[in-house]
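Protein chains in written order, with the numbering used here: chain A, 2 to 109; chain B, 262 to 378.
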């Protein structure tokens with residue numbers, strides 16, 4: 002299967018830590034990337050190739066992989082981190098991409 | 262790096278539209294490029310991508326035979342020709358740059374295509 006499963010929504014208190022997971026068999030073969038999307042904006046790459054951050058992405062964002070699950074962790078969540086988060090990976094063919102269903106993060 | 266999409270609008274079911282993406286700030290001809298769409302209130306869906314020289318193109322099953330991705334390296338532009346449009350093609354269409362065949366590092370702001378009678 003080339004599906005990527007994410008929890009629909011999670012909430013985190015300001016300054017606390019939240020982990021968002023992405024599960025799929027294809028993650029045993031391909032790394033996940035992670036995108037943040039705020040309302041009305043284009044997606045923004047926050048993590049690529051397991052645990053790399055593009056320039057300008059705060060260090061509170063980190064990624065990890067274990068078996069068929071990729072995780073995005075926000076350590077010390079800030080109000081501006083409230084957004085939808087999507088994982089993405091190659092599919093089983095290796096030629097296409099597939100996105101997870103997205104996780105809405107609410108910062109309380 | 263800048264990616265600017267254009268060409269969206271209202272189109273009737275069965276109609277056609279051609280999206281464009283103007284690229285600047287990088288050597289366009291050396292990157293794979295991708296289209297991703299997002300239906301209103303829904304998640305992201307990868308649509309199609311194209312190799313640097315246009316020799317390889319891939320599509321999500323739902324658009325195969327209806328959409329055609331192409332590029333003009335001399336003009337630093339990416340295109341998506343969308344034919345036989347359906348109601349469920351209504352979405353914001355984003356162009357994005359691919360890096361290392363693994364992820365999308367830069368995105369445009371998107372252009373909205375609305376299919377409605």
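No residue lacks a Cβ here, since even glycine has one placed at the ideal position from N, Cα and C.
Residue burial annotation: residue 345 of chain B is exposed, with fewer than 16 other C-beta atoms found within 10 angstroms of its C-beta. Here DSSP, grouped into helix, strand and coil, assigns residue 81 of chain A to helix. Judged by DSSP secondary structure, residue 64 of chain A falls within the beta strand (DSSP E) whose first and last residues are 62 to 67. For residue 336 of chain B, there is no enclosing beta strand (DSSP E), as DSSP marks it with neither H nor E. Across the structure, residue 53 of chain A and residue 300 of chain B are spaced so that their CA atoms are roughly 29 Å apart.
Its Cα nearest to that of residue 60 of chain A, the residue A/78 stands out among A/78, A/72 and A/71. Assignment of residue 287 of chain B by DSSP, reduced to helix, strand and coil, places it in the coil class. Interface annotation, residue 59 of chain A: not in contact with chain B, CB-CB separation never under 7 Å. Cβ neighbours of residue 368 of chain B within its own chain (closer than 7 Å, five residues either side excluded): 264, 355 and 357.
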